[in-house]
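Residue numbers (our numbering): -6 to 286.
A virtual CB, placed ideally from N, CA and C, is assigned to each residue, including glycine.
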């Protein structure tokens, strides 16, 4: 990822290439072309927005709650370029739309985008906005405009090759601060209308910086302020799996004891945490003690 400014700070820029990271997420989710195209856009937005929080221990989560066949998606990112993603129905695959492209909008359907920003304080900030397209990019732009009052142009893309692999994936977020001229806004709108596919440009060898420079034009050369590696990073652990079982309550733990073991599988990375009969009995004692049994 790269971060920068232009026009004396009146334009803020984020741009990314996440191809290898999304390949790893696709492998762990065993996702279809339709599912990974949708999830990849959400993951791309999340990792850029997470890095943009500019705090060392923060986390950003994007959740799509929808009625489409994908059943919903989550992308979760830290502020250091780590990201993970999960789609509820990863094997859903739809025919191309009328333009011959992967039909992400129909796969997502109607619903809402939930944005959770955790700055490490007492309570995270949670915002819900309706989905305006289901294509993710316009939905992220709508979030910035309606919830943060920041006019933003967003492009996100995932190019899937015939072998169901990720040929390229990435995105651009350009935000307009107070003081930007109407002339530049019109110029930027024309640039986005001519941009075409971000993922195709990345596949053709363009860098995230070069895509932005093409968008902005010669009169708004960006100043790059930082670079950040992007990678798949899951936060699951044995301790979190144990806490998940404890929250199920004593009846569910008793059922696990009857079956002889308990197992928790992380939906993001597929890691499995297995708890023995002895482990479960100790957890049952802990739950009953807390309940005063």
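Measuring CA to CA, which of the options is closest to residue i?
i           : options              : result
residue 105 : 112, 120 and 273     : 120
residue 149 : 257, 231, 97 and 226 : 97
residue 215 : 70, 204 and 222      : 204
residue 80  : 273, 259 and 276     : 259
residue 157 : 75, 26 and -1        : 26
residue 257 : 234, 279, 44 and 250 : 234
DSSP beta-bridge partners for residue i?
i           : result
residue 92  : DSSP lists no partner for residue 92.
residue 152 : 161
residue 66  : 57 and 80
residue 122 : 106
residue 184 : None, per the DSSP bridge assignment.
residue 219 : -4
residue 267 : 256
Quick check: what's the CA-CA separation for residue i versus residue j?
i           : j           : result
residue 68  : residue 284 : 35 Å
residue 173 : residue 209 : 13 Å
residue 206 : residue 155 : 30 Å
residue 59  : residue 8   : 27 Å
residue 170 : residue 63  : 35 Å
residue 238 : residue 117 : 23 Å
residue 192 : residue 151 : 5 Å
residue 179 : residue 267 : 57 Å
residue 296 : residue 90  : Here the chain covers residues -6 to 286 and nothing more, so residue 296 does not appear.
residue -5  : residue 6   : 8 Å
residue 188 : residue 232 : 46 Å
residue 1   : residue 236 : 49 Å
residue 4   : residue 165 : 13 Å
residue 12  : residue 222 : 12 Å
Does residue i come out as helix, strand or coil in the three-state DSSP assignment?
i           : result
residue 0   : coil
residue 200 : coil
residue 255 : strand
residue 238 : helix
residue 205 : helix
residue 22  : helix
residue 307 : The displayed coordinates of the chain run from -6 to 286. Any statement about residue 307 would go beyond what the structure contains.
residue 85  : coil
residue 143 : coil
residue 272 : helix
residue 166 : strand
residue 52  : strand
residue 261 : coil
Within its chain, find whatever has a CB closer than 7 Å to the CB of residue i; leave out the 5 residues flanking it on each side and keep chain order.
i          : result
residue 10 : 163, 195 and 201
Using a Cβ-Cβ cut-off of 8 Å (strictly less than) and excluding sequence neighbours within five positions of residue i, which residues of its own chain qualify?
i           : result
residue 125 : 131, 132 and 135
residue 129 : 31, 34, 35, 38, 57, 97, 101 and 149
residue 140 : 108, 120 and 122
Any heavy atom of the ligand GTP closer than 8 Å to the CB of residue i?
i           : result
residue 247 : Annotation note on the ligand GTP: not contained in the displayed structure, which lists no ligands.
Could you name the residues of the same chain whose beta carbon sits closer than 6 Å to that of residue i, not counting the 5 residues immediately before and after it, in chain order?
i           : result
residue 177 : none
residue 50  : 113
residue 168 : 5, 143 and 145
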